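Take a look at the structure below.
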Amino acid sequence: MRSLTSRPVAAVLALILAGAASAACSGGAPAAAPQPSAGAIPQVHVTGIPTVTDSTSLIYPVDAYLPTHDQSIEFDQATNLLEDRCMEQFGFDYTAPPPNILPGAVTDSNAPRRYGVSDAAQVAKLGYHPPPSAPLPKKPSVSAAALMLLTGSAATDASPSAAPPTRYANRAFPAGGCIGQARAQLTAHGGSANSDAVAEEINDQSLAISEREPQVIAVVSQWSQCMAKHGYHYATPYDATGDQQWNTPAPSAKELLTASTDVACKAQTNLVGTWYAVEAALQRQMIAANQQHLDQVKAGITAQLAASGQVLAAAG
């Protein structure tokens, strides 16, 4: 769904501060955003915390500005159709590989394991092991000419700066190749082939910042104490999930029991509900500071979905 490049917490705070400064200015040159420090991290205190035992179906505020997994699949399917048609116009028999469908994925938030495991039924069978993934689609074998037409790049190891031709097979060479042309058509009225960078930053950094929030620190400590009472000594849920002794082909009986205790302690302390409430509050602050930009992102996703739907509907 995206290419994840995480920047330091200060980077997203600069975005938040810059957004707030822009909103406060009615004209003239924009004020320079102050350099944030660790002390500038916004703190929240959440009341009315929901009771949540399983994070699988949680929806975060920032999810409204990120394409869902199903939406990304639809975009990829429409892109593939347009790529295939483009290649056919130039005399190539080509079928793009199908999109990679991830089991259980809904959004980029990775809600099922955002705070470690929380699905009691799943960990009883798998422990900390992830659900099995479908094999990656096999990439078709293509000639150098077909690859150039597909990607729009003529660069090779021998000629790294080689440019593609302006025409190919008596037709104008598509800008960006068949892939670029397909994506340009689907995003002509808004949207992007990649998730929005600001929305991604909010998604990533809200989690990083939330780990420093007093309410999260307190509930993680309660979870750790609960685990210790059962003989398991982990400071955080991530320590339990990442324990190297679980790095085995299949879960052991010890792993199954540890993971089940982990989930039970999360339920007893309401770790998921507390952490989610705090992180959602942080996201709302970040979204408010970047609202105008994110509204455009949301409109772009809607337009992109409409374009993808039209292509798929026309194909039957």
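Note that the sequence shown covers residues -23 to -1, 1 to 293 in mature numbering (1 follows the signal peptide of the UniProt record, and there is no 0). Glycine included, each C-beta is placed from N, C-alpha and C at the ideal position. Just so it is clear, the structure is predicted and the values come from calculations on it, not from any experiment.
Mind reading off the beta-carbon distance from residue i to residue j? Whole number of angstroms is fine, and I expect it under 8 Å.
{"i": "SER198", "j": "ALA55", "result": "Not quite, the Cβ-Cβ distance comes to about 48 Å (not below 8 Å), so this is no contact."}
{"i": "PRO141", "j": "ALA131", "result": "4 Å"}
{"i": "TYR209", "j": "THR225", "result": "Not really, about 17 Å apart at Cβ, beyond 8 Å."}
{"i": "GLN260", "j": "GLY168", "result": "Wrong, their Cβ atoms sit about 21 Å apart, outside the cutoff."}
{"i": "VAL240", "j": "VAL100", "result": "6 Å"}
{"i": "THR143", "j": "VAL193", "result": "Going by Cβ atoms, the distance from THR143 to VAL193 rounds to 57 Å, so no, they are not a contact pair."}
{"i": "PHE69", "j": "ALA123", "result": "5 Å"}
{"i": "PHE52", "j": "LEU163", "result": "7 Å"}
{"i": "LEU58", "j": "ALA258", "result": "Contact flag wrong, Cβ pair sits at about 42 Å."}
Whose C-alpha, out of the options, is nearest the C-alpha of residue i?
{"i": "PRO151", "options": "THR128, PRO137, ALA165 and SER172", "result": "THR128"}
{"i": "LEU184", "options": "ALA159, PRO27, PRO38 and ALA212", "result": "PRO38"}
{"i": "PRO191", "options": "PHE52, ARG90, ALA254 and VAL119", "result": "ALA254"}
{"i": "GLU188", "options": "ALA174, SER169, ALA212 and GLY208", "result": "ALA212"}
{"i": "ALA159", "options": "ALA73, LYS115, ARG90 and GLN221", "result": "ALA73"}
{"i": "TYR71", "options": "SER120, ASP47, ARG90 and ASP53", "result": "SER120"}
{"i": "ASN87", "options": "PHE67, ALA139 and SER34", "result": "SER34"}
{"i": "ILE264", "options": "ALA135, VAL175, THR279 and HIS207", "result": "VAL175"}
{"i": "ALA205", "options": "LEU126, PRO107, LYS102 and THR238", "result": "THR238"}
{"i": "ASP173", "options": "GLN48, ILE278, PRO76 and ILE36", "result": "ILE278"}
{"i": "LEU103", "options": "ALA266, GLN262, GLU256 and TRP223", "result": "TRP223"}
{"i": "residue 303", "options": "ARG90, ASP216 and ASN77", "result": "Since the displayed the chain opens at -23 and closes at 293, residue 303 lies outside it and no answer follows."}
{"i": "HIS22", "options": "GLU256, ALA161 and CYS203", "result": "GLU256"}
{"i": "ALA283", "options": "MET125, SER49 and GLN20", "result": "SER49"}
In terms of residue numbering, what span does the alpha helix (DSSP H) encompassing residue i cover?
{"i": "SER198", "result": "191 to 206"}
{"i": "LYS243", "result": "230 to 246"}
{"i": "ARG91", "result": "Here ARG91 belongs to no alpha helix (DSSP H), and DSSP marks it neither H nor E."}
{"i": "GLU188", "result": "Looking at the DSSP string, GLU188 is not in any alpha helix (DSSP H), and its letter there is neither H nor E."}
{"i": "ILE278", "result": "268 to 292"}
{"i": "PRO117", "result": "Per DSSP, PRO117 belongs to no alpha helix (DSSP H) and is neither H nor E."}
{"i": "PHE52", "result": "46 to 66"}
{"i": "LEU43", "result": "Premise fails: LEU43 is in no alpha helix (DSSP H) and is neither H nor E."}
{"i": "TYR215", "result": "214 to 218"}
{"i": "LEU163", "result": "154 to 163"}
{"i": "VAL21", "result": "Where VAL21 is concerned, there is no enclosing alpha helix (DSSP H), given that its DSSP letter is neither H nor E."}
{"i": "ALA98", "result": "97 to 103"}
Checking the sheet assignment: what are the DSSP bridge partners for residue i?
{"i": "TYR145", "result": "ARG148"}
Please find out if some non-hydrogen atom of the ligand ZN comes closer than 8 Å to the beta-carbon of residue i.
{"i": "PRO151", "result": "Of the ligands one can find in the structure shown there are none, so the ligand ZN has no counterpart to examine."}
Are three or more beta carbon pairs between the stretch 62 to 75 and the stretch 141 to 158 nearer than 8 Å?
yes
Check whether the stretch 109 to 119 and the stretch 228 to 244 are in contact - that is, three or more C-beta pairs closer than 8 Å.
no
At least 3 beta-carbon pairs within less than 8 Å: the stretch 244 to 257 vs the stretch 141 to 151
no
With three or more C-beta pairs closer than 8 Å as the rule, is the stretch 35 to 47 touching the stretch 180 to 189?
yes
Within 8 Å, do at least three Cβ pairs link the stretch 24 to 39 to the stretch 90 to 97?
yes
Inter-stretch contact (C-beta, 8 Å, three-pair minimum) for the stretch 262 to 275 and the stretch 194 to 208
no
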